[in-house]
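There are 2 protein chains.
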Amino acid sequence: MTPSKTRANPLFLRDEELRQAMELLFYAYRDFIAEPDAMLAKYGFGRAHHRVIYFVGRNPGITVSRLLAILKITKQSLSRVLGQLLREDFIVQRTDRVDRRRRLLSLTAKGEELERLLTDRQAKRIARAYRQAGAEAVEGFRTVLRGIINEDDRGRLAARPERG
Amino acid sequence: MTPSKTRANPLFLRDEELRQAMELLFYAYRDFIAEPDAMLAKYGFGRAHHRVIYFVGRNPGITVSRLLAILKITKQSLSRVLGQLLREDFIVQRTDRVDRRRRLLSLTAKGEELERLLTDRQAKRIARAYRQAGAEAVEGFRTVLRGIINEDDRGRLAARPERG
DNA sequence: AAATTAAGTCAGTCTTATTGACATAATTGA
DNA sequence: TCAATTATGTCAATAAGACTGACTTAATTT
Numbered sequence: 001m002t003p004s005k006t007r008a009n010p011l012f013l014r015d016e017e018l019r020q021a022m023e024l025l026f027y028a029y030r031d032f033i034a035e036p037d038a039m040l041a042k043y044g045f046g047r048a049h050h051r052v053i054y055f056v057g058r059n060p061g062i063t064v065s066r067l068l069a070i071l072k073i074t075k076q077s078l079s080r081v082l083g084q085l086l087r088e089d090f091i092v093q094r095t096d097r098v099d100r101r102r103r104l105l106s107l108t109a110k111g112e113e114l115e116r117l118l119t120d121r122q123a124k125r126i127a128r129a130y131r132q133a134g135a136e137a138v139e140g141f142r143t144v145l146r147g148i149i150n151e152d153d154r155g156r157l158a159a160r161p162e163r164g
Numbered sequence: 165m166t167p168s169k170t171r172a173n174p175l176f177l178r179d180e181e182l183r184q185a186m187e188l189l190f191y192a193y194r195d196f197i198a199e200p201d202a203m204l205a206k207y208g209f210g211r212a213h214h215r216v217i218y219f220v221g222r223n224p225g226i227t228v229s230r231l232l233a234i235l236k237i238t239k240q241s242l243s244r245v246l247g248q249l250l251r252e253d254f255i256v257q258r259t260d261r262v263d264r265r266r267r268l269l270s271l272t273a274k275g276e277e278l279e280r281l282l283t284d285r286q287a288k289r290i291a292r293a294y295r296q297a298g299a300e301a302v303e304g305f306r307t308v309l310r311g312i313i314n315e316d317d318r319g320r321l322a323a324r325p326e327r328g
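For the record, the sequence lines run as chains A and B.
Take the first sequence: its letters are residues 1 to 164, numbered as in my numbering.
Take the second sequence: its letters are residues 165 to 328, numbered as in my numbering.
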């Protein structure tokens, strides 16, 4: 039960430290996801729907291919989820005027309402953790997480908000 | 494409800041998981096998019910995965002497080898991020992640390693 | 002796994801 | 202009990982 400690191993601290980081990430993500999952079930939706609603809400007018690149899933996987959200009027598509192959996705009022409902809970969880930890810890949190993300995708992240 | 900014909204910064945190968590977890996933596929295993191997390796002699509490999945879900790992000799069970209902789980040599293979990659990713971010940022990272985790489970996390 | 706990099993279902093969429409490049 | 490429969408089959519900067995507690 107790983590096995290898005494007199100079690498112990480092290994232990890294494992703790992995566990923190696992537990944090698990709990971060759990609340919205439960709410989505009432709509007959799942986690995948949440991700689509979130990123479309965050990037109004996003194209299908950009969404695929963010989610890193296949077109066929997205299709089922996106199709449901379109049919049930949570998301609308319009054709891009400059390139008419493109479909630009946005949330409807109904979609925005659900988005807020789901995101609010998660935002509260983060806000509580941020408040308790303080500004300096928050900066550290952001810096380390950025470092964990693949370099190619760091650019996708919004820049830090300026303070003042 | 560009996140829509609501000017003159005093809540903007806060909302933006919280959304960035959510996205950092999403991208970091997505990339953190991706490498082991690809390696596991070669064994005919998936993410669920990894989690079991990881937590059994980390807690030698763990009981089935403790493992279920960590993973927060059902017994039936665990059963399929654990059964495979037992049959293919990655994990062994022995009966607890003091309470013979309990099955104590541990990795075999083969299991430890796979565990190391999988964990090493992830550890390297974390180590790189830690190195780049510095000790202070690491402390902040840990503090905020702890705050995100449900209170009941914070006790499950190992205490900070002492420095010196 | 009865109740509870720990583990395991059978059966059926759902969501999310995959690969592979095509189809259509629009845009780009030679 | 015509061929190639790109963006999107669809059909079909498959797999992993999870769920609910119902039950069994063995061991321990009350």
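Beta carbons: idealized from backbone N, C-alpha and C, even for Gly.
Taking residue i as part of the alpha helix (DSSP H), name the residues at either end of that continuous run.
i	result
R318(B)	315 to 318
V308(B)	299 to 312
G247(B)	239 to 251
R230(B)	228 to 235
G221(B)	211 to 222
At the 7 Å Cβ level, is residue i part of the contact set with chain B, yes or no?
i	result
T74(A)	no
A123(A)	yes
A127(A)	yes
L135(A)	The question names Leu, but residue 135(A) in the sequence shown is Ala. No, A135(A) does not count as interfacial toward chain B.
Please return the same chain residues whose Cβ sits closer than 6 Å to the Cβ of residue i, not counting the five positions on each side in sequence.
i	result
K110(A)	D89, F90
E326(B)	Model confidence at E326(B) stands at a pLDDT of 45, short of 50, so the residue's coordinates are unreliable; what they give is reported in the following sentence. Around E326(B): no qualifying Cβ.
Y130(A)	V138
V256(B)	S270, T272
P224(B)	S270
From which residue to which residue does the beta strand (DSSP E) around residue i run?
i	result
I91(A)	91 to 95
L347(B)	Because chain B here runs from 165 to 328, residue 347(B) falls outside it and cannot be looked at.
With a CB to CB cut of under 7 Å and the five nearest residues on each side skipped, what residues in its chain are close to residue i?
i	result
D96(A)	R102, L104
R258(B)	L268
Q240(B)	none
R51(A)	L71
Among residues of its own chain, excluding the 5 on either side of residue i, which ones have a beta-carbon nearer than 8 Å to its beta-carbon?
i	result
R47(A)	I33, P36, D37, L40
L114(A)	Y43, I53, F90
Q248(B)	F209, H213
A285(B)	The question names Ala, yet the displayed sequence has Arg at residue 285(B). Excluding residues within five positions, the ones whose Cβ falls inside 8 Å are E199, P200, M203.
Quick one: measure Cβ to Cβ for residue i and residue j, integer angstroms, because I've assumed they're closer than 8 Å.
i	j	result
L18(A)	A287(B)	4 Å
V81(A)	V302(B)	Contact flag wrong, Cβ pair sits at about 36 Å.
D195(B)	I126(A)	Between I126(A) and D195(B) the Cβ distance is about 19 Å, and since that is not below 8 Å, they are no contact.
I70(A)	F55(A)	6 Å
R154(A)	R146(A)	6 Å
G57(A)	L117(A)	Not quite, the Cβ-Cβ distance comes to about 11 Å (not below 8 Å), so this is no contact.
G140(A)	E300(B)	6 Å
L67(A)	L78(A)	7 Å
Y191(B)	Y29(A)	With 8 Å as the limit, Y191(B) and Y29(A) do not qualify as a contact, their Cβ atoms being about 11 Å apart.
Closer than 7 Å, CB to CB, is residue i near chain A or not?
i	result
L232(B)	no
G221(B)	no
I217(B)	no
G304(B)	yes
Q248(B)	no
T170(B)	Caution is warranted here: a pLDDT of 46 is assigned to T170(B), below 50, making its placement in the model unreliable, and the coordinate value is therefore given only provisionally. So no, T170(B) is outside the interface.
Below 6 Å, is the gap between the Cβ of residue i and the nearest heavy atom of the ligand GTP?
i	result
F55(A)	This structure lacks the ligand GTP; in fact it carries no ligand of any kind.
The segment 252 to 283 of chain B: positions lying closer than 8 Å to chain A by Cβ
T283
Quick one, which residues of the segment 183 to 203 of chain B are near chain A if we go by CB-CB under 8 Å, in chain order?
R183, Q184, A185, M186, E187, L188, L189, F190, Y191, A192, Y193, R194, D195, F196, A198
Please list the residues of the segment 142 to 158 of chain A that have a C-beta atom closer than 8 Å to any C-beta atom in chain B, keeping them in chain order.
R142, T143, V144, L145, R146, G147, I148, I149, N150, D153, R156, L157, A158
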